[in-house]
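Engineer: Protein chains in written order, with UniProt numbering: chain A, 1 to 122; chain B, 1 to 122.
The beta-carbon is built from N, C-alpha and C at its ideal position, and this holds for glycine as well.
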DNA sequence: TTCTTGACTTGGACTAGGTCCATCGTAGGA
DNA sequence: TCCTACGATGGACCTAGTCCAAGTCAAGAA
């Protein structure tokens, strides 16, 4: 654990946090001015590999990093401003995929992105 | 309707077709050698705006274009080789998101990506 | 028929997001 | 103290996508 890695982990703390790598870098620089972009990417990649952070790409642009990795959840995204909330649907999302629709895959996970307008945009 | 647009539409025909813009361009060039990349991007953008094609980004890399836009469906992706199948889960995916988990959003749509290993990779 | 107009296409420059890699720095061990 | 190895650095590079000025083409007007 180096100071660089600690800063990246600190920046990614809290609920409903979904920063891009660039945003993580900007906030890390505020605390540790000489931290390099490559270090942020490396550290984010390691956190994802360790299962401490989940990576999501809700818009096909920059990936976002979500530190809420220990409680399974899905994401609700505003189609207008892009704000993201963590949400917890009821039931098992895999249960609604019938065997005949699995094409022989061993399905292990379902990522759901709910889309709509947030209160501020609607 | 120009020859360029017709070629792009023809390239994107069929079931379980999920090509990237570059793949569409490569196949379009095979039929119409002088077609430009920008034209392919423009045409894909128009097809998406018209609702004839849906855009998906299952891996945070290149967007893919799915001509199966008229029957609602979700996607099943192999975590290893990336192959994509269109699937039809039962029920309404929005129904499992309770009002208390909507944070005041007017939710209109749920994009589900099922992940697992395809028969060839498992 | 020729001209005008406007929509479409082209190719190249440019941008964002991300990756790669040679080099540097530093902590810990011999 | 010197070595070693891992991690950090910064700059080059890559890929996907966008932008824009200029060129092309077809339909309608004169």
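Would residue 81 (chain B) pass as an interface residue toward chain A - the criterion being a Cβ-Cβ separation below 8 angstroms?
Structural biologist: Here the question's residue 81 (chain B) lines up with position 81 in the second chain. Closer than 8 angstroms: no.
Engineer: Taking the straight line between their C-alpha atoms, what separation do you get for residue 62 (chain A) and residue 63 (chain B)?
Structural biologist: By one-based count along the first chain, residue 62 (chain A) stands at place 62. By one-based count along the second chain, residue 63 (chain B) stands at place 63. Approximately 12 angstroms between the Cα atoms of the pair.
Engineer: If you compare alpha carbons, which of A:90, A:75, A:54 and A:86 is closest to residue 67 (chain A)?
Structural biologist: For the purposes of this step, residue 67 (chain A) is taken as residue 67 along the first chain, with counting starting at 1. The residue with the shortest Cα to Cα distance from residue 67 (chain A) is A:54.
Engineer: Pop quiz: residue 48 (chain B) and residue 28 (chain B) are said to be a contact at Cβ under 8 angstroms. What is the actual Cβ separation, rounded to whole angstroms?
Structural biologist: Within the second chain, residue 48 (chain B) is the residue found at index 48, counting from 1. Within the second chain, residue 28 (chain B) is the residue found at index 28, counting from 1. Rounded, the Cβ-Cβ distance is 16 angstroms, inconsistent with contact.
Engineer: Could you give the uninterrupted runs of the beta strand (DSSP E) lying entirely in the segment 14-60 of chain B, keeping only those of 3 residues or more?
Structural biologist: As far as the segment 14-60 of chain B is concerned, its whole beta strand (DSSP E) runs of at least 3 residues are 54-56.
Engineer: Please compile the residues from chain A whose C-beta is within a distance smaller than 8 angstroms of the C-beta of residue 41 (chain B).
Structural biologist: What you label residue 41 (chain B) is simply residue 41 of the second chain in a count that begins at 1. Going along chain A, no residue has its Cβ under 8 angstroms from residue 41 (chain B), so there is no contact; the nearest lies around 13 angstroms.
Engineer: Skipping 5 residues on each side, what residues in its chain have a beta carbon closer than 7 angstroms to that of residue 88 (chain B)?
Structural biologist: On the second chain, position 88 is the one that residue 88 (chain B) refers to. Cβ within range, chain order: 73.
Engineer: Alpha carbon to alpha carbon, how far is residue 102 (chain A) from residue 92 (chain A)? Give it in angstroms, no decimals.
Structural biologist: The residue labelled residue 92 (chain A) in the question sits at position 92 within the first chain. The residue labelled residue 102 (chain A) in the question sits at position 102 within the first chain. Approximately 16 angstroms, taken between the alpha carbons.
Engineer: Please state whether DSSP places residue 82 (chain A) in a helix, a strand or coil.
Structural biologist: In the first chain, the residue the question calls residue 82 (chain A) occupies position 82. It is coil, neither helix nor strand.
Engineer: Looking at the C-beta of residue 45 (chain A), does it have a partner C-beta in chain B at a distance below 8 angstroms?
Structural biologist: Translated into the one-based positions of the first chain, residue 45 (chain A) becomes position 45. Residue 45 (chain A) does not count as touching chain B.
Engineer: If you draw a straight line from the alpha carbon of residue 16 (chain B) to that of residue 18 (chain A), how long is it in whole angstroms?
Structural biologist: The residue you call residue 16 (chain B) lines up with position 16 of the second chain. The residue you call residue 18 (chain A) lines up with position 18 of the first chain. If I take the Cα positions, the gap works out to 31 angstroms.
Engineer: Does any C-beta atom of chain B lie closer than 8 angstroms to the C-beta of residue 123 (chain A)?
Structural biologist: What the structure shows of chain A is the stretch from 1 to 122, and residue 123 (chain A) is not part of that stretch, so it cannot be assessed.
Engineer: Are residue 69 (chain B) and residue 94 (chain B) close, meaning C-beta to C-beta below 8 angstroms?
Structural biologist: As a working note, residue 69 (chain B) is residue 69 in the second chain. As a working note, residue 94 (chain B) is residue 94 in the second chain. Cβ distance not < 8 angstroms, so residue 69 (chain B) and residue 94 (chain B) don't count as in contact.
Engineer: Per DSSP, residue 112 (chain A) is paired with what?
Structural biologist: By 1-based counting over the first chain, the position of residue 112 (chain A) is 112. B:112, per the DSSP bridge assignment.
Engineer: Among B:116, B:13 and B:112, which residue has its Cα nearest to the Cα of residue 44 (chain B)?
Structural biologist: Within the second chain, residue 44 (chain B) is the residue found at index 44, counting from 1. Measuring from the Cα of residue 44 (chain B), the nearest candidate turns out to be B:13.
Engineer: Let me know the secondary structure DSSP gives residue 94 (chain B) once reduced to three states.
Structural biologist: As a first step, residue 94 (chain B) must be located in the second chain, where it is residue number 94. Residue 94 (chain B): helix per DSSP, three-state reduction.
Engineer: Using only the alpha-carbon positions, how far apart do residue 30 (chain A) and residue 22 (chain A) sit?
Structural biologist: Here residue 30 (chain A) is taken as the residue at index 30 of the first chain, counted from 1. Here residue 22 (chain A) is taken as the residue at index 22 of the first chain, counted from 1. If you take the alpha carbons of residue 30 (chain A) and residue 22 (chain A), they lie about 13 angstroms apart.
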